[in-house]
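Here's the structure, in structure tokens; my notes come after.
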Amino acid sequence: MSAKDDTTQAVLAALNKVDGLRPSTPSGVAAASWVPLDWDGLAVDISEDVVRVQVVATQLPLPALLGKANAVIRPVLAKTEWASARLEIVVTDVDRAAFKRDSRHRSGA
Numbered sequence: 089m090s091a092k093d094d095t096t097q098a099v100l101a102a103l104n105k106v107d108g109l110r111p112s113t114p115s116g117v118a119a120a121s122w123v124p125l126d127w128d129g130l131a132v133d134i135s136e137d138v139v140r141v142q143v144v145a146t147q148l149p150l151p152a153l154l155g156k157a158n159a160v161i162r163p164v165l166a167k168t169e170w171a172s173a174r175l176e177i178v179v180t181d182v183d184r185a186a187f188k189r190d191s192r193h194r195s196g197a
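So for the sequence shown, the working numbering puts the first residue at 89; every next one is plus one.
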């Protein structure tokens with residue numbers, strides 16, 4: 089594996105520690121799951137100056153989740169040649185489960 093591949097896997101492992109965020113993968117992944125490809129790895133784009141991680145939020149509030157993601161991903165990058173790269177965490181979608189209300193909450197009450 090290359091340094092980018094290793095860093096991608098380390099970033100994904102760190103992101104996995106954040107309950108409420110998951111890697112954003114193409115919508116056709118379920119249909120093409122038989123293809124031997126690291127679909128989650130497509131959510132991480134590493135260039136010379138920027139590390140971009142695309143995520144789907146399954147919980148709210150977003151600022152707290154993005155702060156947690158930054159807190160677990162930045163130390164991973166600190167050990168690599170991308171230590172000074174800008175980290176962009178891009179929310180590509182919010183899962184509808186994030187909007188489900190507490191079962192005790194009644195609309196209009």
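All residues carry an ideal CB built from backbone N, CA and C; glycine is no exception. Source: prediction; values computed, not measured.
Beta-bridge pairing of residue i - partner residues as DSSP gives them
i      : result
Pro111 : Val143
C-alpha gap between residue i and residue j, whole angstroms
i      : j      : result
His193 : Gly108 : Here the model assigns His193 a pLDDT of 45, short of 50, so the residue's position is not dependable and the matter cannot be decided.
Pro151 : Gln97  : 24 angstroms
Leu130 : Thr113 : 7 angstroms
Ala171 : Glu136 : 10 angstroms
Val106 : Val99  : 11 angstroms
Pro163 : Trp127 : 23 angstroms
Lys92  : Pro111 : 17 angstroms
Lys156 : Leu175 : 13 angstroms
Leu154 : Leu148 : 10 angstroms
Range covered by the alpha helix (DSSP H) that runs through residue i
i     : result
Lys92 : 91-103
Contact under 9 angstroms by Cβ, residue i with residue j
i      : j      : result
Val139 : Leu165 : yes
Ala185 : Thr146 : yes
Ala173 : Ile134 : yes
Val141 : Val182 : no
Please list the segments of the beta strand (DSSP E) lying wholly inside the region 130-188, counting only runs of 3 or more residues, in order along the chain.
132-134, 138-145, 174-182
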